[in-house]
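Here is the structure we will look at.
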Amino acid sequence: MQKFFKFVVAAVIGLSLTVLPAQASFRDVAPGSWYEGAVTELAQAGAITGYPDGTFRPNQAITAAEFVTITARLAGLSPTQGQTAHWAAGHMQAALEAGWYDWDEIPPTGERFGQPIARQLAVKILMNALLPSARGDYNTESAKIKDFAALDGRYYEAVLAAYASGVVHGDNNGNFLPLGTLTRAEACTLFRNIGRIQTNQPSTPAPEPSQTVPEPVRTRQGGVSENGWLQVVGTQLCNEAGSPIALRGMSSHGIQWYGQFTSSKAIANTADYGANLFRVAMYTGEGGYLSQPEAVKAKVIAAVDAAIENDLYVIIDWHILSDGNPMAHVNEAVAFFREMARRYQDTPNVLYEICNEPNGNVSWIGDVRPYAQRAIAAIREQSPKAVILVGSPTWSQDIHLAAADPLEGENLMYTLHFYAGTHGANLRQRVDDALARGLPIFVSEWGTSRADGSGGVFLEESKVWLDFLDERGISWCNWSLCDKNETSAALRPGVSPESSWRQEDLTESGRFVFSRFTP
Ligand code: IDC
2 MQKFFKFVVA AVIGLSLTVL PAQASFRDVA PGSWYEGAVT ELAQAGAITG
52 YPDGTFRPNQ AITAAEFVTI TARLAGLSPT QGQTAHWAAG HMQAALEAGW
102 YDWDEIPPTG ERFGQPIARQ LAVKILMNAL LPSARGDYNT ESAKIKDFAA
152 LDGRYYEAVL AAYASGVVHG DNNGNFLPLG TLTRAEACTL FRNIGRIQTN
202 QPSTPAPEPS QTVPEPVRTR QGGVSENGWL QVVGTQLCNE AGSPIALRGM
252 SSHGIQWYGQ FTSSKAIANT ADYGANLFRV AMYTGEGGYL SQPEAVKAKV
302 IAAVDAAIEN DLYVIIDWHI LSDGNPMAHV NEAVAFFREM ARRYQDTPNV
352 LYEICNEPNG NVSWIGDVRP YAQRAIAAIR EQSPKAVILV GSPTWSQDIH
402 LAAADPLEGE NLMYTLHFYA GTHGANLRQR VDDALARGLP IFVSEWGTSR
452 ADGSGGVFLE ESKVWLDFLD ERGISWCNWS LCDKNETSAA LRPGVSPESS
502 WRQEDLTESG RFVFSRFTP
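For the sequence shown, our numbering begins at 2 and goes up steadily by one.
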């Protein structure tokens, strides 16, 4: 019997790997999304079919009937005579008779067939059906599961075996969430994991991940589907329910140069390490938006859409740099933000950063503040509540000037930018002073390097900064997600945006930063 299972799974999943099409066939499974590969493999194997309208609905909770049916197809278990007319009744009956689960867990009378299946039960079914001989050592495996106490005793064996064999990994916080639901996309990754274990057997266990940087986690947490619209309460960024939230993630480099690292796969890779924020740095000068508006705007939209697909919050950054005074191109900025805010008015993912770093001969009162009033008005016509981030003179370090004379309006935050090799305690003091005056602060750009993007890396100094931000619940975005040969870049030269990134693909800076996405 055991051999038979192995044969079927190896054949079904193994073969499917070799005939993978370039794209998934469901219109809501975006090419490059973190689950595309798994969904495509399962579809090719004939184990999933999706909905009649051509969708797969990856974010929907998988039901008991769906989960058992897919497992049965993979195991080659034929339906028997069901007890009801439900579409899945035959497979449910066969699975029950095979002992994959007990009567009380999913009664054959069908009342729970259409309900979301709990994760602990799903894992039990999966392991019983497809990897029945796997075992996990109680002490070793239970220590990996932070919320082990929440697990019902009858699921210990299956869950420990699933952890030991690498079928299941915890979420970013090390939790298994035994009573939580599984999305359809997550379920596909479980099926794929187990299929790979089947096809690879006998295999040597994967090397232990390093202590400092987690390998990517596939269970996303802290994203938009969980937190909804953001709001600013006092100085604190909060989610829709009013709970404090700190967003953490990566900024792109200039998209006119390194746009390939804003693809859905690149963003998915970043999210897999725990980020819930992405920043699209649209340079205005330096060959950016002002010199080729349509082409650059199209890149922005593609990048924002890729972040949305991956459930991330995303900042649209009007990246002024050599054009130090935002007033120089205020009309272009107003038109751009009006268009973006109209496009994304119903999308809780998007934040607007209206001027990256004012610099040079520019003042808060005379330039940045009046500029901000115009840009904010344009956004607010379309999007009444999206969070708007406002810079300040001296490369967004003069938050004390903003604190002395803040703007009117809701859901506004003020950016503070720092580079750990250049800026230290003085600037941190400015943050505390500004907070004390009621100014909400958002670190939309910081680097582990010197302010020129090179030198270092300054990891000790960076750690002091991030601990400081964590203590204050301040959100941050790191510069930058690219493979440029400079120390602030997170990726080693030559790393492909379309590959799945492992620790060795990250630079020293990238390894440090990626390890800090989740607290
Ligand atoms: C730097 C890039 C570098 C590029 C330079 C000029 O790292 O490769 O040649 O811009 O375009 C900022 C800016 C950000 C800078 C970064 C590091 O927002 O554009 O990127 N930095 O110098 N402010 C402070 C530092």
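Yeah, the Cβ is synthetic: ideal placement off N, Cα and C, and Gly gets one too.
Just so it is clear, the structure is predicted and the values come from calculations on it, not from any experiment.
- Message: If I measure Cβ to Cβ from residue 142 and keep anything under 6 angstroms in the same chain, skipping five residues before and after, which residues do I get?
- Response: Indexing the sequence shown from 1 puts residue 142 at position 141. Taken in chain order, the residues that qualify are 161, 164 and 165.
- Using a Cβ-Cβ cut-off of 7 angstroms (strictly less than) and excluding sequence neighbours within five positions of residue 58, which residues of its own chain qualify? For this step, residue 58 is matched to residue 57 along the sequence shown. So the qualifying residues of the chain are 29, 52 and 185.
- Message: Helix, strand or coil, according to DSSP, for residue 459 in the structure here?
- Response: As a working note, residue 459 is residue 458 in the sequence shown. Three-state DSSP puts residue 459 in coil, outside helix and strand.
- Query: What's the C-alpha gap between residue 169 and residue 138?
  - Reply: One-based indexing of the sequence shown puts residue 169 at position 168. One-based indexing of the sequence shown puts residue 138 at position 137. Distance between the alpha carbons of residue 169 and residue 138 is about 15 angstroms.
- Item | Sufficient close CB pairs (3 or more, under 8 angstroms) joining the stretch 366-385 to the stretch 435-442 | Fewer than three beta-carbon pairs drawn from the stretch 366-385 and the stretch 435-442 are found closer than 8 angstroms, and the two stretches are therefore not classed as touching.
- Message: I'd like to know whether the C-beta atoms of residue 416 and residue 436 end up nearer to each other than 9 angstroms.
- Response: For the purposes of this step, residue 416 is taken as residue 415 along the sequence shown, with counting starting at 1. For the purposes of this step, residue 436 is taken as residue 435 along the sequence shown, with counting starting at 1. Not a contact, by the Cβ cut-off of 9 angstroms.
- Message: Only counting the same chain, and skipping five residues up and downstream in sequence, which positions put a Cβ closer than 7 angstroms to that of residue 463?
- Response: As a working note, residue 463 is residue 462 in the sequence shown. The residues are 421, 449 and 513.
- Classify residue 22 as helix, strand or coil using the three-state DSSP reduction. As a first step, residue 22 is located in the sequence shown; it is residue number 21 there, counting from the start. Because the pLDDT at residue 22 is just 38, under 50, the model does not fix this residue reliably, and the point stays unresolved.
- Return the chain-ordered list of same chain residues with a C-beta closer than 8 angstroms to the C-beta of residue 20, the five sequence neighbours on each side being excluded. Counting from one through the sequence shown, the residue named residue 20 turns up at place 19. In this prediction, residue 20 scores a pLDDT of 34, lower than 50, which makes its location untrustworthy; no coordinate-derived value is stated.
- Report yes if the CB atom of residue 372 is closer than 9 angstroms to the CB atom of residue 334, and no otherwise. If you number the sequence shown from 1, residue 372 lands on position 371. If you number the sequence shown from 1, residue 334 lands on position 333. Contact: yes.
- Outcome for residue 257 when other beta-carbon atoms lying within 10 angstroms are tallied against a minimum of 16: For the purposes of this step, residue 257 is taken as the residue at position 256 of the sequence shown. By the Cβ-count criterion, residue 257 is buried, with 16 or more other Cβ atoms from all chains shown falling within 10 Å of its own Cβ.
- Message: Less than 9 angstroms between the beta carbons of residue 237 and residue 474, yes or no?
- Response: Locating residue 237 in the sequence shown gives position 236, counting from the first residue. Locating residue 474 in the sequence shown gives position 473, counting from the first residue. Yes, these two residues count as a Cβ contact at 9 angstroms.
- Which partner residues of residue 234 appear in the DSSP bridge assignment? Here the question's residue 234 lines up with position 233 in the sequence shown. The partner list for residue 234 (beta bridge, DSSP) reads 237.
- Message: Is residue 420 a contact residue of the ligand IDC, with contact defined as CB to any heavy atom under 8 angstroms?
- Response: In the sequence shown, the residue the question calls residue 420 occupies position 419. Because some heavy atom of the ligand IDC lies under 8 angstroms away, the Cβ of residue 420 counts as near it: yes.
- Item | Own chain residues within Cβ distance below 7 angstroms of residue 206, not counting five before or after | Along the sequence shown, one-based indexing puts residue 206 at 205. For residue 206, the pLDDT reaches just 41, beneath the cut-off of 50, and the residue's location in the model is therefore unreliable, leaving the point undetermined.
- May I ask whether a heavy atom of the ligand IDC can be found less than 8 angstroms away from the beta carbon of residue 354? In the sequence shown, residue 354 corresponds to position 353, counting from 1. Checking the Cβ of residue 354 against the ligand IDC gives no.
- Message: Please state whether the Cβ-Cβ distance between residue 243 and residue 234 is less than 9 angstroms.
- Response: Locating residue 243 in the sequence shown gives position 242, counting from the first residue. Locating residue 234 in the sequence shown gives position 233, counting from the first residue. In this structure, residue 243 lies near residue 234, with their beta-carbon atoms less than 9 angstroms apart.
- Who are the near neighbours of residue 106 in its chain, counting only those whose CB is closer than 6 angstroms to its CB and skipping five residues on each side? By 1-based counting over the sequence shown, the position of residue 106 is 105. Excluding positions up to five away in sequence, the list reads 122.
- Task: In angstroms with no decimal places, state the Cα-to-Cα distance between residue 77 and residue 129.
- Result: Numbered from its first residue, the sequence shown carries residue 77 at position 76. Numbered from its first residue, the sequence shown carries residue 129 at position 128. Spanning the two alpha carbons is a distance of roughly 14 angstroms.
- Go to residue 413, then tell me how far its beta strand (DSSP E) extends in each direction, as first and last residue. Looking up residue 413 in the sequence shown gives position 412. DSSP places residue 413 in the uninterrupted beta strand (DSSP E) bounded by 413-420.
- What residues are listed by DSSP as bridge partners for residue 482? Sequence index remark: in the sequence shown, residue 482 carries index 481 (1-based). Checking the DSSP bridge columns, you'll see residue 482 partnered with 253.
- Spell out a yes or no on whether the stretch 29-40 and the stretch 268-279 are touching, meaning 3 or more CB-CB pairs, one atom from each, closer than 8 angstroms. A contact exists between the stretch 29-40 and the stretch 268-279.
- Cutoff 7 angstroms; reference residue 399; Cβ partners in own chain excluding five residues on either side: As a working note, residue 399 is residue 398 in the sequence shown. The beta carbon of residue 399 sits closer than 7 angstroms to the beta carbons of 365 and 393 from its chain, once the five residues preceding and following it are set aside; these are given in chain order.
- Count the C-beta pairs between the stretch 317-328 and the stretch 353-360 that are closer than 8 angstroms, then say yes if the count reaches three, no if not. By the Cβ test, the stretch 317-328 is in contact with the stretch 353-360, since at least three Cβ pairs between them sit closer than 8 angstroms.
- Query: Is there a Cβ from chain C that is less than 9 angstroms from the Cβ of residue 86?
  - Reply: Structure shown: chain C not included; a single protein chain is present.
- Please go through the stretch 120-208 and give each complete alpha helix (DSSP H) segment of 4 or more residues, from N-terminal end onward. If you keep only unbroken alpha helix (DSSP H) runs of at least 4 residues inside the stretch 120-208, you get 120-131, 139-143, 157-165 and 185-201.
- residue 467: which of 482, 456, 503 and 425 sits nearest, CA to CA? Position 466 of the sequence shown holds residue 467. Closest option to residue 467, judged by alpha-carbon separation, among 482, 456, 503 and 425: 425.
- Message: Is residue 485 a contact residue of the ligand IDC, with contact defined as CB to any heavy atom under 8 angstroms?
- Response: If you number the sequence shown from 1, residue 485 lands on position 484. The closest heavy atom of the ligand IDC lies less than 8 angstroms from the beta carbon of residue 485.
- Using the beta-carbon count (16 or more within 10 Å), is residue 368 buried or exposed? Counting from one through the sequence shown, the residue named residue 368 turns up at place 367. Around the CB of residue 368, 16 or more other CB atoms lie within 10 Å, so the residue is classed as buried.
- Using a Cβ-Cβ cut-off of 7 angstroms (strictly less than) and excluding sequence neighbours within five positions of residue 8, which residues of its own chain qualify? Taking the first residue of the sequence shown as position 1, residue 8 is located at position 7. Interpretation of residue 8 is limited by its pLDDT of 38, a score under 50 that renders its predicted location unreliable; the figure taken from the coordinates is listed afterwards. Within the same chain, residue 8 has no close Cβ partners at all.
- Query: Which same chain residues, not among the five before or five after residue 343, have their C-beta less than 6 angstroms away from its C-beta?
  - Reply: Residue mapping note: residue 343 aligns to position 342 of the sequence shown, counting from 1. Closer than 6 angstroms at the Cβ level, and outside the excluded window around residue 343, lie 383.
- Pair within 9 angstroms by beta-carbon distance, residue 108 and residue 83: What you label residue 108 is simply residue 107 of the sequence shown in a count that begins at 1. What you label residue 83 is simply residue 82 of the sequence shown in a count that begins at 1. Between residue 108 and residue 83, the C-beta spacing is not below 9 angstroms.
- Boundaries of the alpha helix (DSSP H) in which residue 372 is found, first to last residue: As a working mapping, residue 372 is identified with position 371 in the sequence shown. Annotation: the continuous alpha helix (DSSP H) that includes residue 372 extends over 370-383.
- Query: Going by beta carbon distance, what residues of the same chain come within less than 7 angstroms of residue 346, once the five residues before and after it are set aside?
  - Reply: On the sequence shown, position 345 is the one that residue 346 refers to. Around residue 346: 383 and 384.
- Item | residue 322 beta carbon near the ligand IDC (any heavy atom closer than 8 angstroms) | Your numbering for residue 322 matches position 321 in the sequence shown. Residue 322 has its CB nearer than 8 angstroms to a heavy atom of the ligand IDC.
- So, are the CB atoms of residue 313 and residue 277 less than 9 angstroms apart? As a position in the sequence shown, residue 313 is number 312, starting the count at 1. As a position in the sequence shown, residue 277 is number 276, starting the count at 1. A contact, by the Cβ cut-off of 9 angstroms.
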